[in-house]
Amino acid sequence: MSLATERRGRAFTTANLARAVFIKQLILLVRYPINLLSGLLTMYVFFLIIFLGGQSVAGEAVADNLAGIIVGFFLWYMAWSAFSDLTWNVTREAQWGTLEQLYMTTEGFELLMLVKSAVNVLLSFLTGFVILALMMLTTWEWLTVDVLTVVPIVALGMWSVVGIGFLFGGLAIVYKRIENVFQILAFGLIALIGAPVDATPELGLLPLSQASYMLSLAMEEGVRLWEFSPTDLTLLVGVAIVYPLLGVGFFRLAQRRARRLGVLGHY
Amino acid sequence: MSRPERSSTEPREQDEPAIRVDGLTKAYDGPAGKIRAVDDVSFSVDPGTVVGVLGPNGAGKTTMIKSMLGLIVPTAGEVRLAGVDVHAHPSKAYEHVGAMLEGARNVYWRLTVRENLDFFASLAGHPLSAVRERHDELLATFGLAEKADETVNELSRGMKQKVSLASTLSRGASVLFLDEPTLGLDVESSLELRRELRGLVDRESMTVVLSSHDMDVIEELCDRVMIMNDGRVIADDTVENLTGVFASQAYELTMAGRLPETTRTQIEREHTVERWERTPDGVDRFEVVLEDGDALYDLTNTLEGSRVTIASIDAIQPDLESVFLELTNRAGSFADSRSRAPDDERRADRDGSEPQKREARLRRDGGRSDTSPDGERRGGGRR
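Taken in order, these protein sequences are the chains called A and B. The opening position of the first sequence corresponds to residue 0 in numbering that gives the first Met the number 0, with each subsequent residue numbered one higher. The opening position of the second sequence corresponds to residue 0 in numbering that gives the first Met the number 0, with each subsequent residue numbered one higher.
In structure tokens:
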């Protein structure tokens, strides 16, 4: 087999795997409807608490920053999905007894988990836009949702958080029940979203912060993707590459440690 | 039924066994030092062979199988599956391998039967168009065709187990690992699954490593049996040979009356008596294990000297279970004596005469004598 044929073969089987993972994840999403609906409802109630609670406490201050709150909450929800889905997937697959089957893919375990993460990000858009629509309907605050701008920014921002997801996914493979630890990061995500990148551009090196800054400009002020500076765009893309690379590297070490300890399929 | 074709960039050497394991060792840190879950295991399996792995709980069966699959990183040793080093090139090796490790938990219960087959085939790199026909055949073989569009959680335990096996087979693997494939099944479902599996293995000439506590499964399906204890392979042979080794050496003798005490004492001194029984009508019956065929003549001479007529002599035909118990108990005694042996003696064992080789020698010698680490032969005893 020539190298070109082999490469084409590899691309084909990876695409085939991505298709299979997407179909499976979509089916499971639909076949656990209570889980899906309760997840959406919880997030919406959480937003209502922030919105209505904030109004009663801070009044005008909340009304003045409503757009920022909606954008921030939307991004937080998406980032939380990207970050937690991988860890949950690892835990659930181990409980189901299918994690070791996934490890035995011919495409490589890390690639499979990257594909799963990409599918999770994609599916998160479906639920994320439902939450966004509910928030805008509730507050009657209509934001600019330029899909060509919002989707790439959010996707790249989420992808940087996927890197952290891989880190915690790696911990879950070795230590199993770590939900309580990774829930702490839910608060960490708020800090990353609220980081003042406009005042301190270096903070854009943190995961999600650059995406949060750019998304606020896009949705609140209508800035289009191509109107951002090359520095902003480079930072957005760079962060979305570096953190997943670090995360996958850690995940690889963790799965090797789990296999050395003989606990890969344990739960 | 045809397996989906694939080309491999790592050509398999001619005459390469389907499975080759060299010096496989897995040691864990335990509270009392290193624990060798798998201890220097080496063997090979020819294509088309079904190998059963037997052993008591904690013998190292699952650790060995998972180490062979690359799911556990061994401390030492090499495993080649279909000619590919599974630890160096796992993805390449997985093109040839399927494993059912968790029984019915091996599949997604919220997916339909067919969706499971499709997904697991994709994990092995097969496009759906290439496996559709095979999946239809698998569904028909396992009697799942009518259930193909039902989610797995709606099926019975036996059906779930079949889905799990069919999903493993959907990968189009030539080497299969099945860990307790009939665990938890009722007798009927177990028989059915065994029948279907045997038919499939014969048709497709698959190589199978099968671990089970169910002796019937092993006897019915396996061409060869490996018995493990304390991480070591203590026996490796066909079912016929394993049971045959013990077949001609155990006898049940029924006397026409009561044996004198002196005769009983003499028999106990010269042979290994497993059981004495005195019936209410005063007849002695006993089970004895003899060193060799000549010992039977010695025994009958002794009995004739007592002037009590021998009513019957029956050779006891052992089944695999009794062979298994015999070997694992004996290895347990051996391990106990090893643990009491001085360090240099244990080193000598590791360096020169591994327990499995000793056991192989024991089998060749007739299997009726225990050999202690210092080489002293002792009368064996069936427990």
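Heads up, the beta-carbon is just placed ideally off N, CA and C, and yes, glycines get one too. Since the model is a prediction, treat every value here as computed from it, not as a measurement.
Comparing C-alpha distances from A:Thr-12 to each of A:Ala-66, A:Ser-215, A:Leu-51 and A:Thr-104 shows the shortest one belongs to A:Thr-104. Boundaries around B:Arg-156 are those of the alpha helix (DSSP H), 156–168, since no beta strand (DSSP E) includes it.
Counting the other CB atoms within 10 Å of its CB gives A:Glu-59 a total below 16, which places it among the exposed residues.
Distance from the CA of A:Ile-172 to the CA of A:Leu-252, rounded to the nearest whole angstrom, comes to 11 Å. For A:Leu-101, the three-state secondary structure derived from DSSP is helix.
Contact between B:Ala-98 and B:Leu-68 holds, since their C-beta atoms are separated by about 6 Å, short of 8 Å. Among the residues of chain A, none has a CB under 9 Å from the CB of B:Thr-24; the nearest is roughly 13 Å distant. With a cutoff of 8 Å on beta-carbon distance, A:Met-213 and A:Leu-142 are scored as not near each other. Among the bridge pairs identified by DSSP, B:Ala-249 is matched with B:Val-288.
By the rule that beta-carbons nearer than 8 Å mark a contact, B:Ser-90 touches chain A. Exposure of B:Val-186 is indicated by the presence of fewer than 16 other C-beta atoms within 10 angstroms of its C-beta. Separation of B:Thr-262 and B:Ala-103 (C-alpha to C-alpha, rounded to the nearest whole angstrom) is 57 Å. When rounded, the separation of the alpha-carbon atoms in B:Thr-24 and A:Val-144 is 59 Å.
In the three-state reduction of the DSSP assignment, B:Thr-24 falls in the strand class. Per the coordinates, the alpha-carbon of A:Tyr-43 lies some 15 Å from the alpha-carbon of A:Ile-33. Residues of the stretch 77–108 of chain A with a C-beta less than 8 Å from any C-beta of chain B: Trp-95, Gly-96, Thr-97, Glu-99, Gln-100, Leu-101, Tyr-102, Met-103, Thr-104, Thr-105, Glu-106 and Gly-107, listed in chain order. The DSSP-derived three-state label of B:Leu-80 is strand.
Straight-line measurement puts the Cα of B:Tyr-27 at about 24 Å from the Cα of B:Leu-177. Cβ contact annotation for A:Phe-73 (same chain, cutoff 6 Å, sequence separation greater than five): Leu-131, in chain order. Per DSSP, the beta bridge partners of B:Thr-271 are B:Val-288. A direct Cα-Cα distance of roughly 12 Å separates B:Val-322 from B:Glu-218. By the criterion of a C-beta distance shorter than 6 Å, B:Glu-286 is surrounded in its chain by Glu-251, Glu-273 and Arg-274, once the five residues flanking it on both sides are discounted. By the Cβ neighbour-count rule, A:Val-129 is exposed, with fewer than 16 other Cβ atoms within 10 Å of its own. Taking 8 Å as the threshold, the shortest C-beta distance from B:Gly-124 to chain A falls below it. Around the CB of A:Trp-75, 16 or more other CB atoms lie within 10 Å, so the residue is classed as buried. The alpha helix (DSSP H) runs of length 4 or more contained entirely in the stretch 52–115 of chain A are, from start to end of the chain, 59–63, 65–95 and 98–102. At a cut-off of 8 Å between beta carbons, A:Asn-15 contacts chain B. Shown here is that no member of the stretch 247–266 of chain B has a Cβ falling below 7 Å from a Cβ of chain A. Fully contained in the stretch 195–252 of chain B are the following alpha helix (DSSP H) runs of length 4 or more, in chain order: 214–220 and 238–246.
The beta carbons of A:Val-161 and A:Val-120 sit about 7 Å from each other, so the pair counts as a contact at 8 Å.
Counting of Cβ neighbours within 10 angstroms places A:Asp-84 among the buried residues, the total reaching 16 or more.
The Cβ atoms of B:Glu-77 and B:Asp-39 lie no closer than 8 Å to each other. Residue environment for A:Ser-80: buried (at least 16 other C-beta atoms within 10 angstroms of its C-beta). B:Ala-147 and B:Leu-138 have their alpha carbons spaced roughly 7 Å apart. Contact of B:Ala-98 with chain A by beta-carbon distance below 9 Å involves Glu-99, Gln-100 and Met-103. Residue burial is scored here from C-beta neighbours: A:Ala-194 has at least 16 other C-beta atoms within 10 angstroms and is therefore classed as buried.
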